[in-house]
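Reviewing the structure listed below.
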Amino acid sequence: MWRRKEVIMSDFPVFLLPKGDVMTTARVVGNKVELLNELDFPLGSKCHVTNTGLAVCLDINKQLVRYGQFTEEGELIDCKEIVVDIIEARCISIAGDFIIIAGAMKSGVRSHKDKVIGYSISKQKFYEIELPPVCRKGAVKELLTSGSSTVLALYDSVEQKSLVKISIFGGSNFEISKVDTLVGIGSSSLIEKAVVANNYITLLSLVDEKFKLTMNLNIHRMSSLNEYTQLSMPSYTAKLDFGDKHMDRYQWVDVFLTQDERVLLIPSLKGGLGLYEIKDELIMSRENLNQSKPSEDTELIGFVKFKDRSVLNVLKVPDSPEKVIVVCIDKNSDYTYSVRSIEKLLGKILTSS
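Now the structure itself:
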């Protein structure tokens with residue numbers, strides 16, 4: 000099944016959507032999604048499209064990177080391929096002239112160490128990015144774009160969760176300018192999704208504690224990551240009372256932050272599309288993890304139902320911050336796409352009862 004984190008969107012008018020077993024180019028015309036050309040980008044690939052239309056795809060199964068230029072008609076031209084044989088590639092992003100790739104080091108036996116490398120498009124050459132010691136035991140869960148020449152690497156280890164800022168300068172020089180520890184995410188948490196913006200970074204994680212599974216949604220302030228708040232929901236896979244009125248809302252599968260950073264949209268396989276208005280005053284400093292959990296009432300999340308469909312993902316509409324594309328899947332495993340106004344979705348919220 001396709002997941003949103005596999006495609007990084009931009010304001011280029013052409014973007015990627017799932018269709019069958021591959022990805023297809025698409026664009027928004029009026030309030031309709033128009034599918035254009037199917038590509039040799041397999042479903043499950045990690046893709047990134049920049050504001051200039053540079054498209055990069057990591058085929059994880061083949062350990063192959065394809066990149067080229069999108070036209071406004073949705074064609075991929077000047078396509079090239081790179082075989083990744085340095086690491087077992089897992090994540091991909093773009094910063095400046097570089098395709099940034101992260102994954103496990105290759106050795107005679109599988110290594111537990113991750114490495115980040117950069118491929119210069121202009122020089123057609125790989126560069127190793129030296130990482131600080133704190134990152135050598137963890138796995139890179141996400142490579143998040145932050146500006147035209149900066150990537151944030153999200154590290155997940157048993158000891159801690161870290162956000163590493165990788166900046167590119169002088170053509171091919173890399174600088175680790177900052178390493179921050181993400182508090183409020185325990186050792187038993189597995190980070191599933193991450194979204195970064197100017198003011199906030201939002202993390203969706205699954206917590207496995209004995210016989211209870213919990214989905215946590217952390218909202219951290221980018222200027223001070225120890226300031227955060229948290230939404231929690233027991234997962235539908237846990238052994239719960241099936242009479243619980245929230246059962247149909249369990250298993251959040253994605254998170255999307257609107258461009259104005261005011262609203263979180265939370266697809267839920269059973270409950271529809273959740274909408275939560277961020278309350279900045281609730282994002283505050285936590286001195287240690289032993290104090291009371293900063294959990295907000297999940298009753299504050301309103302849900303919009305989509306008849307006979309499960310909501311998988313929410314994507315931005317290029318150059319239309321007031322709208323989103325909602326990606327659903329029906330009982331026949333067919334994908335559907337609809338352009339929705341954020342304000343109208345907020346107006347349709349089904350309040351908890």
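Here numbering that gives the first Met the number 0 is used: position 249 in the sequence shown is 248, and no number is missing along the way.
Think of the CB as a built atom: it goes at the ideal place given N, C-alpha and C, for glycine as much as any other residue.
Residue i versus residue j - alpha carbon distance
i	j	result
residue 112	residue 22	31 Å
residue 199	residue 164	15 Å
residue 59	residue 38	16 Å
residue 18	residue 334	7 Å
residue 11	residue 150	19 Å
residue 66	residue 131	29 Å
residue 3	residue 312	With a pLDDT of only 49 at residue 3, under the threshold of 50, the placement of this residue in the model should not be trusted; the figure read from the coordinates follows. Distance between the alpha carbons of residue 3 and residue 312: 5 Å.
residue 339	residue 283	32 Å
residue 167	residue 277	32 Å
residue 214	residue 176	31 Å
residue 217	residue 96	32 Å
residue 143	residue 261	20 Å
residue 341	residue 84	43 Å
residue 184	residue 155	10 Å
residue 87	residue 125	14 Å
residue 306	residue 30	19 Å
residue 297	residue 90	31 Å
residue 24	residue 172	33 Å
residue 332	residue 133	42 Å
residue 250	residue 140	19 Å
residue 13	residue 52	7 Å
residue 344	residue 303	7 Å
residue 174	residue 269	43 Å
residue 178	residue 161	7 Å
residue 221	residue 197	7 Å
residue 280	residue 226	10 Å
residue 241	residue 231	With a pLDDT of only 39 at residue 241, under the threshold of 50, the placement of this residue in the model should not be trusted, and no figure is reported.
residue 190	residue 314	20 Å
residue 50	residue 252	26 Å
residue 93	residue 40	17 Å
residue 301	residue 258	19 Å
residue 308	residue 265	15 Å
residue 105	residue 180	27 Å
residue 223	residue 182	11 Å
Rounded distance between the beta-carbons of residue j and residue i, thought under 8 Å
i	j	result
residue 274	residue 201	Actually they are not in contact, since the Cβ atoms of residue 274 and residue 201 sit about 14 Å apart, beyond 8 Å.
residue 98	residue 115	About 11 Å; that fails the 8 Å criterion.
residue 326	residue 336	6 Å
residue 158	residue 187	So it is not a contact: roughly 12 Å between Cβ atoms.
residue 64	residue 81	4 Å
residue 34	residue 16	7 Å
residue 212	residue 203	Between residue 203 and residue 212 the Cβ distance is about 13 Å, and since that is not below 8 Å, they are no contact.
Where residue i sits in the DSSP three-state scheme
i	result
residue 253	coil
residue 112	coil
residue 268	coil
residue 132	helix
residue 73	coil
residue 279	helix
residue 341	helix
residue 67	strand
residue 299	helix
residue 95	coil
residue 346	helix
residue 88	strand
residue 42	coil
residue 321	coil
residue 183	coil
residue 121	coil
residue 62	coil
residue 83	coil
residue 8	coil
residue 127	strand
residue 168	strand
residue 441	Residue 441 lies beyond the range of the chain shown here (0 to 352); nothing can be said about it.
residue 161	strand
residue 196	coil
residue 211	strand
residue 332	coil
residue 105	coil
Status (buried if at least 16 other CB within 10 Å, exposed otherwise) for residue i
i	result
residue 289	Reliability of the predicted coordinates at residue 289 is poor, the pLDDT of 42 falling under 50, and the value obtained from them is presented with this limitation in mind. Answer is exposed; the Cβ neighbour count stays below 16.
residue 320	exposed
residue 330	exposed
residue 45	buried
residue 267	buried
residue 145	buried
residue 195	buried
residue 148	exposed
residue 9	buried
residue 117	buried
residue 55	buried
heavy atom of the ligand MG below 8 Å from residue i C-beta
i	result
residue 129	Judged by which ligands are present, the structure shown has none, so any question about the ligand MG falls away.
>> Three or more C-beta pairs under 8 Å: does that hold for the segment 114-131 against the segment 69-76?
In response: As far as the Cβ criterion goes, the segment 114-131 does not touch the segment 69-76, which means the pair count is below three.
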